[in-house]
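For the sequence shown, UniProt numbering begins at 1 and goes up steadily by one. The beta carbon of each residue, even a glycine, is placed where N, CA and C say it ideally should be. Written out below as structure tokens is the structure these notes cover.
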Amino acid sequence: MDIMMDGRGGYGGGSPDEQEGSNDRKGKKTYHRHNPYQIQQLESFFRQCPHPDENQRRQLSRELGLETKQIKFWFQNKRTQTKAQNERADNSSLRTENEKIQCENLAIREALRNVICPSCGGPPFGEEERQRNLQKLRLENSHLKEEHEKVSNLLAKYIGKPISQLESLLPVLGSSLDLSPRSSLTQIVPSPAVDLISDPVILDGAATTYQSRGINDLENALMLETAATGLEELIRLLRIDEPLWMKTLNDGRYVLHRDSYEKIFPRPNHFKTSSARTESSKASGVVTMSAIQLVDCFLDADKWADLFSTIITNAETFHIIDPGMPGNRSGALQLMYQQMHIFSPLVSPRDFCFLRHCQQIEFGVWVIVDVSYEILKDCVTSARCWRLPSGCLIQEMPNGCSKVTWVEHVEVDDKTQTHRLYRDLVFNTLAYGADRWLFTLQRMCERLAYTFRDCAPNHELGGVLTSPEGRRSIMKLSHRMVKNFCGILSMSGKLDFPQLSEVNNSGVRISVRISSELGQPSGTVVSAATSLWLPLQPETIFNFFRDEKARVQWDVLSYGNPVHEIAHILTGVHPGNLISIIRPFIPTENNMLILQESCIDPLGSLVIYAPIDMPAMNIATSGQDPSEIPILPSGFVITGDGRTHSGIGASTSSTLGRPSGSLLTIAFQILVSSVSSSKQLNVESVATVNTLISATVQRIKVALNCSCLD
1 MDIMMDGRGG YGGGSPDEQE GSNDRKGKKT YHRHNPYQIQ QLESFFRQCP HPDENQRRQL
61 SRELGLETKQ IKFWFQNKRT QTKAQNERAD NSSLRTENEK IQCENLAIRE ALRNVICPSC
121 GGPPFGEEER QRNLQKLRLE NSHLKEEHEK VSNLLAKYIG KPISQLESLL PVLGSSLDLS
181 PRSSLTQIVP SPAVDLISDP VILDGAATTY QSRGINDLEN ALMLETAATG LEELIRLLRI
241 DEPLWMKTLN DGRYVLHRDS YEKIFPRPNH FKTSSARTES SKASGVVTMS AIQLVDCFLD
301 ADKWADLFST IITNAETFHI IDPGMPGNRS GALQLMYQQM HIFSPLVSPR DFCFLRHCQQ
361 IEFGVWVIVD VSYEILKDCV TSARCWRLPS GCLIQEMPNG CSKVTWVEHV EVDDKTQTHR
421 LYRDLVFNTL AYGADRWLFT LQRMCERLAY TFRDCAPNHE LGGVLTSPEG RRSIMKLSHR
481 MVKNFCGILS MSGKLDFPQL SEVNNSGVRI SVRISSELGQ PSGTVVSAAT SLWLPLQPET
541 IFNFFRDEKA RVQWDVLSYG NPVHEIAHIL TGVHPGNLIS IIRPFIPTEN NMLILQESCI
601 DPLGSLVIYA PIDMPAMNIA TSGQDPSEIP ILPSGFVITG DGRTHSGIGA STSSTLGRPS
661 GSLLTIAFQI LVSSVSSSKQ LNVESVATVN TLISATVQRI KVALNCSCLD
């Protein structure tokens, strides 16, 4: 396309004055036409840089054989033309929108002329009847205010505080007052050095409050729209790799390409603070469970929490909007809540209120999407996090297996809550990313497959377990032990006893609770946990804790004597995934055994154990229900520190220069008093637990040749 050069808006390369001066004798202007190559190069450069500087204009002049003034005026004219085109397009769009609004306005006016009563279908209220209804509502409002004032005065008299002081606590306490003994635990011990804390109950009462007020039609429609939009976005995230996803250079994991994502799915950020960030990850793999079984587990809050017991500490279904089609659950939609926590008390829990929507998109293929939803505007959660459309695609495969592709996408604002030891791990999406969900799902599905094996190798049972029922009973008891242990790790509050080295350790965190639940010893339980960094690979530490010959170097239950494994049950293909029954050689005590479960996956490992007396163990090995057997587990959580082996990668300033290693969390639980004993907690018991865990840390360091870290 040839473009003429004139100074009035074309693509000319010079000013009209110059051209008049050069053509005075001819009495008229001459026009210069750029050739197609020049126009193509100028257009291409304009798309990248509409305002070239002097150096760029000189370079274009040399490349295209034009004068710099021609280049300058071409860009001026091009910008003017582009602006005019944009203004014409905007005017056209605004004109269309204006016409649309006028039509809607006319339609609304017409509808108002013909309004009818939605209840009876008759004409609307007259002014007289409307005034009577308003008066009735005012009387009801006055009555409710009087009732509220009476209840407020009664509460103030009972609690001893004015109601204005209590109102600030309502978002935390929910709809009920906590008058249980655990609410006054911090007043039992007067010592200021020990901050005794109880496990927080996030959103306590939120489910009851929400269910009591129900769901109106407008909110129901909003939920359906939110779930449908989230499902559409998730399907695209699951099925498209590039340009939406890109692989990280250090480990090849998939993370979202932010620019590409925001072009396809533009939305404002949920958190407006400068410390907010987005975490995204994608992973896929094969699990040994059928697709419809997985769908059933995901739509049942209890099964969901059991399947991911090392990640989820609490899960509830607030409301079922649509149960889905019988048989395949397609179309199911429900409002749920979950709290997640892993690794250590130093890692903040994450809790979400979210919609879970299941849809069968093809034969044998399901998509399950989770997307955050605010059920109570004034509800405040401990960790600031918001789930963008996340979830998984489940595809049925032969032999009862399924292929699962998982996407995690969240906004978080917890930088100040993440301890420096775990900052790399959390910020690199290794803590709550798609890989962790998928690896945990694979390991648990494998464990379930081993649970229902009809027969087991003779060497596995060791002569202690003589029936499949006994084997399943032990596995059920061990699963409850692991779930209980992971639940105690979500302690909150300040660090107590910080006398350990603050460079590679975190100090000891103490929590106290009154235990009265079925399956746990009754009385006051002190939990203590500490986390530390070790310059060793995670598998080396895992093998150390699994070695029964090395147990005397750290386990106080062995009293310095050797132990002997009398039976074990495999829970997976990896030899480290197993349950062991261990007998310590204690001359004065022959009535105690140790139940231990160890498990490992590419992102970390657990070694959890608990003492069990012989009569209780006999109940489990005989195949009886082990749900009432009291158990109080302790153990270890081992994971990488989130850094690459070369020391290069996304690391925070607090860990720069430190080689890669492992993070170890040690957690103990001790029953310090029974229900029948004095309710006054002995501070010496808490100090004893602190001394015990501190001494254990030192013994582990010595055994692993890491004592120089002090």
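Assigned exposure category for residue i - 16 Cβ within 10 Å defines buried
| i | result |
| --- | --- |
| GLU628 | exposed |
| GLU446 | buried |
| SER707 | exposed |
| GLN102 | exposed |
| ALA305 | buried |
| HIS341 | buried |
| ARG79 | exposed |
| ARG57 | buried |
| HIS51 | exposed |
| PHE352 | buried |
Where residue i falls: helix, strand or coil (DSSP)
| i | result |
| --- | --- |
| ILE566 | strand |
| TYR37 | helix |
| GLU517 | coil |
| HIS270 | coil |
| LEU333 | strand |
| PHE45 | helix |
| PHE636 | strand |
| MET481 | helix |
| HIS32 | coil |
| GLY285 | strand |
| HIS143 | helix |
| ASN250 | coil |
| ASN590 | coil |
| ASN98 | helix |
| LEU173 | Per-residue confidence for LEU173 stands at a pLDDT of 33, beneath the threshold of 50, marking its modelled position as unreliable; the derived number appears in the next sentence. Three-state result, LEU173: helix. |
| LEU256 | strand |
| ASN428 | coil |
| CYS706 | coil |
| VAL412 | strand |
| TYR422 | helix |
| GLU279 | strand |
| ASN314 | strand |
| TYR450 | helix |
| LEU244 | coil |
Alpha carbon of residue i to alpha carbon of residue j, nearest angstrom
| i | j | result |
| --- | --- | --- |
| HIS357 | MET397 | 22 Å |
| PHE452 | TRP406 | 26 Å |
| LEU237 | PHE45 | 33 Å |
| GLY649 | LEU430 | Low confidence applies to GLY649: its pLDDT is 39, below 50, so where it sits in the model is not reliable, and the reading given next is rough at best. Going from the Cα of GLY649 to the Cα of LEU430 covers about 13 Å. |
| ASN484 | ARG329 | 31 Å |
| LYS701 | GLY661 | 14 Å |
| GLY640 | ASP435 | 14 Å |
| residue 713 | VAL573 | The structure shown has nothing for residue 713, since the chain only spans 1 to 710. |
| LEU536 | ILE375 | 45 Å |
| ALA89 | ARG47 | 19 Å |
| SER522 | PRO626 | 17 Å |
| GLY623 | SER634 | 25 Å |
| ARG288 | ILE312 | Checking the sequence, you will find Thr at residue 288 rather than Arg. Computed Cα separation, rounded: 21 Å. |
| ALA221 | GLN359 | 17 Å |
| CYS385 | SER142 | 40 Å |
| LEU355 | LEU333 | 7 Å |
| ASN561 | MET246 | 53 Å |
| PHE439 | VAL689 | 34 Å |
Neighbourhood of residue i by C-beta distance below 7 Å, restricted to the same chain and skipping five residues each side
| i | result |
| --- | --- |
| SER478 | ILE579, LEU595, GLU597 |
| SER685 | VAL526, VAL672 |
| LEU465 | ARG471, ILE474, ALA567, THR621 |
| ARG277 | VAL412 |
| LEU692 | VAL556, PHE668 |
| SER558 | ARG551, VAL552, PRO584 |
| LEU534 | ILE541, GLY661, SER662, LEU664, LEU704, CYS706 |
Same chain, Cβ closer than 6 Å to residue i, neighbours up to 5 away in sequence not counted
| i | result |
| --- | --- |
| HIS564 | ARG583 |
Three or more beta-carbon pairs under 8 Å between the stretch 666–673 and the stretch 480–489, yes or no? With a cut-off of 8 Å on Cβ pairs, the stretch 666–673 is in contact with the stretch 480–489, counting three or more such pairs.
Stretch-stretch touch, CB-based, cutoff 8 Å, three pairs: the stretch 387–404 with the stretch 367–374: With a cut-off of 8 Å, the stretch 367–374 and the stretch 387–404 count as touching, because enough Cβ pairs lie within range.
The stretch 288–306 contacting the stretch 415–428, beta-carbon criterion three pairs below 8 Å: As far as the Cβ criterion goes, the stretch 288–306 does not touch the stretch 415–428, which means the pair count is below three.
Is the number of C-beta pairs between the stretch 512–532 and the stretch 542–552 that are closer than 8 Å three or more? Contact between the stretch 512–532 and the stretch 542–552 is absent, because fewer than three Cβ pairs lie under 8 Å.
For the pair the stretch 549–563 and the stretch 612–623, tell me if three or more CB-CB distances fall below 8 Å. A contact is defined here as three or more CB-CB pairs under 8 Å, and the stretch 549–563 fails this definition with respect to the stretch 612–623.
Would you say the stretch 399–414 touches the stretch 272–289, given that touching needs at least three Cβ pairs under 8 Å? With a cut-off of 8 Å, the stretch 272–289 and the stretch 399–414 count as touching, because enough Cβ pairs lie within range.
Does the pairing of the stretch 239–251 with the stretch 218–228 give three or more beta-carbon distances under 8 Å? With contact defined as three or more Cβ pairs closer than 8 Å, the stretch 239–251 and the stretch 218–228 are not in contact.
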